[in-house]
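J.: What follows is a structure written as structure tokens; I'll ask about it next.
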Amino acid sequence: MPLAITDLEQLQTHPAIAKLLAWNPAAVEGAKFDRDEMTIYIERSVIREACVLLRDDSDCPFNFLADVTCVDWFPSEPRFEIVYHLLSIPKKERVRLKVRLGSSGPALDSVTSVWPAANYFEREIFDLFGVRFTGHPYLRRLLMPEDWEGHPLRKDYPVEGYR
Amino acid sequence: MILNMGPQHPSTHGVLRVILEIDGENVVRIMPDIGYLHTGIEKTCEAKFYQQVVPLTDRIDYLCPLTNNLCYVLAVEKLLGLEIPAKAQWMRVMLNELTRINSHLVWLGTHALDIGAMSVFLYCFREREDILRLFEMVSGQRMMTSYFRIGGLALEPPLGFFERVRQFANRFPEKVDEYENLLTGNPIWGMRTKGVALITAEDAIALGASGPTLRGSGVDFDLRRDMPYSAYENFKFKVPVSQDGDVFARYICRVQELRESNAIVQQALDGMPEGPIKADAPKVVLPDREKMKTQMEALIYHFKIITEGFAVPAGEVYQAVESPRGEMGYYVVSDGTAKPYRVHMRAACLANMQTLPTMCEGRLIADVVAAIGSIDIVLGEIDR
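These protein sequence lines map, in sequence, to chains A and B.
Position 133 (the first sequence) corresponds to 133 in this note's numbering; numbering is contiguous.
Whatever position you read off the second sequence (first residue = 1), add 1000 for this note's numbering.
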């Protein structure tokens, strides 16, 4: 299997990365091309603007938000990775955006104003990982009961739950 | 007035609860409330070996277990970099399309039942029974099949299986005519579905809708054709699209898909390649029982896979397939051990259900039932 390419210099010809770099070079923290899938690490404070930019790109509009999820890398820091899977329906391309978050009071901008589809995905992450999304219209628990304590998909939460 | 519908309401297909704010018969606001079927499957996956996750995936979307199996095994095979033999790929396509027919039959029967057409339900379940018998024949199970394994298929298909599938595929188009005779030209069906629960293409894309819910609004996109996986690039089929964006449009898309899926099954039967059904990867794929009894090496591999699993190279993969309900995606993260670090399922129904307020607000309560039926929800997939 070919090794993953993680050098931003080699990957900057990719249209989405080129677009982001031209807009704000500080927005891209890194990139990875592995198993035919492109991952772009985005600076946490500009995620919403970066999503608007990619959605409205005239050459390759990533108009469909397929999925948002989270990975907990406990105990290493930064602990959380928020993962966005974008799809371009006209160009049939996919790209993955990632934002890294530390363990103390994890929060970032909501993208519900960019794609209303993010509503349930972000609520699910809030519910199961305890990451807050600022600007979300209705940030309540989605799957677990309202009075549940803890966030079950965190790695320090036992598989059998607390009994 | 606030009206509570579900979670035990018969037309909510399981345990969906919707809170309706109504003014007379008109819906002012609609709020789906989910989570009644949450079983924490994503958390359970993290505590299992890679091969032990396959039976869990059946239970996510219980109307299309084989599609879930396929999506998961494709993701893990991509992480491992495995080559799958042609016969296994074609079998996967064929069984996936039978699953699609099975799922659409349940949808058509229950959706018609919700709106008041009782007899369609009985017709649909008649053919569904035939498909379930085929699944039982090939995998030993009617519903929770777990037939696809990482690296290929669980078993060689039994003798006479392909003839049975062909008999089914030959008589099925007539049955679709029967359903269409009952519904498509029926004026009552038309009144309950045409112009009801409208959604535009822009709204559907922005809200993350996929599958027939998206194609019913005029977006011509199907992962099987546009981003092919398994062996779908070898098959010729039409993708039904309707421009109207109402309940009837989604109905007509799915009914056309029944015919197209049946055509794919026939193509798969005609061109089914010969050869092995498992990849040549002894560290990942369980050996045949026969070899286990005669070769020491096979016995050792079997013991090792069962007791300590197999390590998957570190990395991450997002694999999407076209399920009967839309884009089903598995995001699998590996940290190099024998257990997945994270498995996330992108549920097509969860995103599709976000279209419900756009479809229903400002319309009658009776249309809510038609709208819920038309997006074909499966609560097992929504709550996971």
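The beta-carbon is built from N, C-alpha and C at its ideal position, and this holds for glycine as well.
Any Cβ of chain A within less than 8 Å of the Cβ of glycine 1329 of chain B?
T.: Along the second sequence, read from residue 1 onward, the residue named residue 1329 of chain B stands at position 329. It does; some Cβ of chain A falls within 8 Å.
J.: Below 8 Å on the Cβ atoms is my guess for isoleucine 82 of chain A versus valine 68 of chain A; work out the distance and round it to an integer in Å.
T.: Against the first sequence, residue 82 of chain A aligns to sequence position 82. Against the first sequence, residue 68 of chain A aligns to sequence position 68. About 7 Å; that satisfies the 8 Å criterion.
J.: Bridge partners of tyrosine 1072 of chain B, per DSSP?
T.: Sequence index remark: in the second sequence, residue 1072 of chain B carries index 72 (1-based). None, per the DSSP bridge assignment.
J.: DSSP on serine 1217 of chain B, reduced to helix/strand/coil?
T.: Sequence index remark: in the second sequence, residue 1217 of chain B carries index 217 (1-based). In the structure shown, serine 1217 of chain B sits in coil (DSSP, three-state: anything other than H, G, I, E or B).
J.: How would you call glutamine 1267 of chain B, buried or exposed, if buried means at least 16 neighbouring beta carbons within 10 angstroms?
T.: Within the second sequence, numbered from 1, the residue matching residue 1267 of chain B stands at position 267. Buried.
J.: Using a Cβ-Cβ cutoff of less than 7 Å, which residues in the same chain neighbour alanine 26 of chain A once the five nearest sequence positions on both sides are dropped?
T.: Stepping through the first sequence from its first residue, residue 26 of chain A is reached at position 26. Once the five neighbours on either side are set aside, the close Cβ partners of alanine 26 of chain A are Glu43.
J.: How far does the beta strand (DSSP E) with histidine 1344 of chain B in it reach, from first residue to last?
T.: Translated into positions along the second sequence, residue 1344 of chain B becomes position 344. Unbroken beta strand (DSSP E) run through histidine 1344 of chain B: 1342-1346.
J.: Using a Cβ cut-off of 8 Å (strictly closer), state whether arginine 1029 of chain B contacts chain A.
T.: Along the second sequence, one-based indexing puts residue 1029 of chain B at 29. So, not an interface residue.
J.: Would the stretch 1085-1101 of chain B and the stretch 1131-1150 of chain B be scored as touching if the rule is three or more Cβ pairs under 8 Å?
T.: Touching, yes, given that three or more Cβ pairs across the two stretches are closer than 8 Å.
J.: Do the CB positions of lysine 1087 of chain B and valine 159 of chain A come within less than 8 Å of each other?
T.: Walking along the second sequence from the start, residue 1087 of chain B turns up at place 87. Walking along the first sequence from the start, residue 159 of chain A turns up at place 159. No.
J.: Specify the secondary structure class of glutamate 1322 of chain B as computed by DSSP and reduced to three states.
T.: In the second sequence, residue 1322 of chain B corresponds to position 322, counting from 1. Strand at glutamate 1322 of chain B.
J.: Listing by chain order, which chain B residues have their CB less than 7 Å from the CB of proline 152 of chain A?
T.: The sequence position of residue 152 of chain A within the first sequence is 152, counting from 1. Chain B residues near proline 152 of chain A: Gly1040, Lys1043.
J.: Listing by chain order, which chain A residues have their CB less than 7 Å from the CB of phenylalanine 1221 of chain B?
T.: Here residue 1221 of chain B refers to the residue found at position 221 of the second sequence. Per Cβ cutoff of 7 Å: Ile89.
J.: Which whole-angstrom value describes the C-beta separation of leucine 101 of chain A and leucine 108 of chain A, a residue pair presumed to lie in contact below a C-beta threshold of 8 Å?
T.: Counting from 1 along the first sequence, the entry for residue 101 of chain A is found at position 101. Counting from 1 along the first sequence, the entry for residue 108 of chain A is found at position 108. Yes, they are in contact, since the Cβ atoms of leucine 101 of chain A and leucine 108 of chain A sit about 6 Å apart, within 8 Å.
J.: Could you check whether the stretch 70-82 of chain A touches the stretch 13-22 of chain A, counting it as contact only if at least three pairs of C-beta atoms, one from each stretch, sit closer than 8 Å?
T.: The stretch 70-82 of chain A vs the stretch 13-22 of chain A: no contact.
J.: Within the same chain, show all residues whose beta-carbon is closer than 7 Å to that of phenylalanine 129 of chain A, passing over the 5 residues directly before and after it, in chain order.
T.: Within the first sequence, residue 129 of chain A is the residue found at index 129, counting from 1. Cβ neighbours of phenylalanine 129 of chain A beyond the five flanking positions: Cys70, Asp72, Phe80, His151, Leu153, Arg154.
J.: Taking CB distances under 8 Å as the criterion, tell me whether histidine 1344 of chain B reaches chain A.
T.: Walking along the second sequence from the start, residue 1344 of chain B turns up at place 344. Interface residue, yes.
J.: Does the count of Cβ pairs from the stretch 1329-1344 of chain B and the stretch 1044-1059 of chain B closer than 8 Å reach three?
T.: The stretch 1329-1344 of chain B, when compared against the stretch 1044-1059 of chain B, does touch it at the 8 Å Cβ threshold.
J.: Verify whether the separation of the beta carbon atoms of leucine 1207 of chain B and threonine 1355 of chain B is less than 8 Å.
T.: Translated into positions along the second sequence, residue 1207 of chain B becomes position 207. Translated into positions along the second sequence, residue 1355 of chain B becomes position 355. Yes, the pair counts as a contact, with Cβ atoms nearer than the cut-off.
J.: Answer yes if the stretch 1351-1366 of chain B comes into contact with the stretch 1026-1044 of chain B, meaning at least three C-beta pairs across the two stretches below 8 Å, and no otherwise.
T.: Judged by Cβ distances under 8 Å, the stretch 1026-1044 of chain B makes contact with the stretch 1351-1366 of chain B, as three or more pairs qualify.
J.: Name, going along the chain, the residues of the stretch 62-79 of chain A whose beta-carbon falls closer than 7 Å to a beta-carbon of chain B.
T.: Listed by position, the residues of the stretch 62-79 of chain A near chain B (Cβ gap below 7 Å) are Asn63, Phe64, Leu65, Ala66, Asp67, Thr69, Val71.
J.: Looking only at its chain, what residues have a beta carbon closer than 6 Å to the beta carbon of alanine 1154 of chain B, apart from the 5 residues adjacent to it on each side?
T.: Counted from its first residue, the second sequence places residue 1154 of chain B at position 154. Once the five neighbours on either side are set aside, the close Cβ partners of alanine 1154 of chain B are Tyr1147.
J.: Run the CB neighbour count on alanine 4 of chain A, radius 10 Å, all protein chains shown included, and call it buried at 16 or more, exposed below.
T.: On the first sequence, residue 4 of chain A is found 4 positions in, with the first residue counted as 1. Exposed, by the Cβ-count rule.
J.: I'd like to know if leucine 1074 of chain B contacts chain A, where contact means its C-beta is closer than 8 Å to some C-beta of that chain.
T.: As a working mapping, residue 1074 of chain B is identified with position 74 in the second sequence. Chain A contact via Cβ: absent.
J.: So what's asparagine 1186 of chain B in DSSP terms, helix, strand or just coil?
T.: Against the second sequence, residue 1186 of chain B aligns to sequence position 186. Coil, per DSSP.
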